[in-house]
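Written out below as structure tokens is the structure these notes cover.
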Amino acid sequence: MPQIEIKGVIVSNDDAWIYDWFEMEHSSPKSVSDAMATANGEPLEVLINSPGGDVFAGSEIYTSLKSYSGDVTVKIVGLAASAASVIAMAGNKVLISPTAQIMIHNVSSYSGGDYRDHSHTSDTLKGWNKSIANAYALKSGIPEPELLSMMNKETWLTAQEAKEKGFVDEILFDEGRRLAASISGLLPPEVIAKLRNELKNKSAPQRQTASRSVSFYAKKLALKKEMV
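In the working numbering, the protein residues as written are 3 to 230.
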């Protein structure tokens with residue numbers, strides 16, 4: 003059975019190469035669609051262990067999996083949080099490890115400007131919350147108001163709770179217990195912007211050459227310090 007791994011941060015196609023540069027595990031819509039193309043309609047198994055990430059990228063991956071011509075079995079093997087929890091709802095069948103968890107919460111963003119801009123951002127985020135709640139509702143059958151309340155509180159679900167509420171169909175097995183120690187997120191926007199400015203005028207071969215230089219390691223270390 004063809005298998006797709008959705009692990010690490012969910013990122014846009016445009017930002018994927020930056021995560022490659024930092025050697026950070028990530029998943030993008032293109033990486034998923036490319037893997038799906040080679041499956042040729044065969045039953046597909048999707049393994050998820052991700053803290054989430056870009057909501058638009060997550061929505062695109064969810065839609066691609068829902069549109070796949072064959073059966074899609076999702077296995078949550080570690081964590082399906084935020085945008086990754088939306089992707090998990092795309093499976094015809096959703097399974098979860100007894101040591102795994104699902105986390106759902108409100109969409110977040112950064113905004114600037116006066117009170118009108120902030121009010122517009124607030125309305126936009128509320129709309130996105132409802133859009134995401136649709137994916138949860140289609141799978142679980144839970145009414146939208148209840149889902150929005152769960153998202154407002156940032157709800158973490160154990161495997162048993164996820165099954166009881168209808169987010170998953172089955173628990174894989176019941177040996178052992180394992181707790182997540184941390185949750186990682188997207189690279190700070192300023193780090194991405196700085197790296198784009200550093201490399202935007204370089205071709206792919208030039209970027210590879212630059213990545214082998216002494217100054218490369220110094221800049222990479224400096225950028226990583228900004229992420230801490």
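Using N, Cα and C, we set each Cβ at its ideal position, and we do this for glycine too. Please read all numbers here as calculations on a predicted model, not as lab measurements.
| Item | Value |
| --- | --- |
| Residue environment, D16, which counts as buried when at least 16 other CB atoms sit within 10 Å | exposed |
| Spatial distance of K9 from V79 (CA atoms) | 10 Å |
| According to DSSP, residues forming a beta bridge with I106 | T157 |
| Residue burial classification, L181 (beta-carbon count within 10 angstroms, cutoff 16) | Confidence at L181 is low in this model, with a pLDDT of 45, below 50, so the placement of that residue is unreliable and no value is reported for it. |
| Any 3 or more C-beta pairs closer than 8 Å across the region 83-98 and the region 44-57 | yes |
| Proximity to S29 [Cα-Cα], best of E172, D125, K95 and I6 | I6 |
| E47 - partner residues in DSSP beta bridges | Q5 and T75 |
| Contact under 8 Å by Cβ, H107 with E156 | yes |
| E62 versus V88, E27 and K95, residue with shortest Cα-Cα distance | V88 |
| Limits of the beta strand (DSSP E) - the one that L97 falls within | K95 to I98 |
| Same chain only: Cβ atoms within 6 Å of L67, ignoring 5 sequence neighbours per side | V74 and A92 |
| Alpha-carbon spacing of I20 relative to I104, whole angstroms | 27 Å |
| Residues of its chain near T160, where Cβ-Cβ distance is below 7 Å and the 5 sequence neighbours each way are ignored | Q103 |
| Beta-carbon spacing of K77, L49 below 8 Å | yes |
| Stretch-stretch touch, CB-based, cutoff 8 Å, three pairs: the region 164-176 with the region 135-143 | yes |
| Nearest neighbour of I173, chosen from A195, S151, L97 and A90 [CA to CA] | L97 |
| Distance cut-off 7 Å: A37 Cβ against heavy atoms of the ligand MN | Within the structure as shown, the ligand MN is missing, as the structure has no ligands at all. |
| Which of helix, strand or coil DSSP assigns to S14 | coil |
| L67: first and last residue of the uninterrupted alpha helix (DSSP H) it sits in | V57 to S69 |
| Nonlocal neighbours in the same chain, by C-beta distance under 6 Å from K95, ignoring five residues either side | T75 and D171 |
| Nearest-angstrom Cβ-Cβ length linking K132 and E148, presumed shorter than 8 Å | The pair is not a contact, with the Cβ atoms about 13 Å apart (cut-off 8 Å). |
| Bridge-paired residues (DSSP) for E172 | L97 |
| Top-ranked residue by Cα proximity to I12, from Y64, L197, R198 and Q162 | Y64 |
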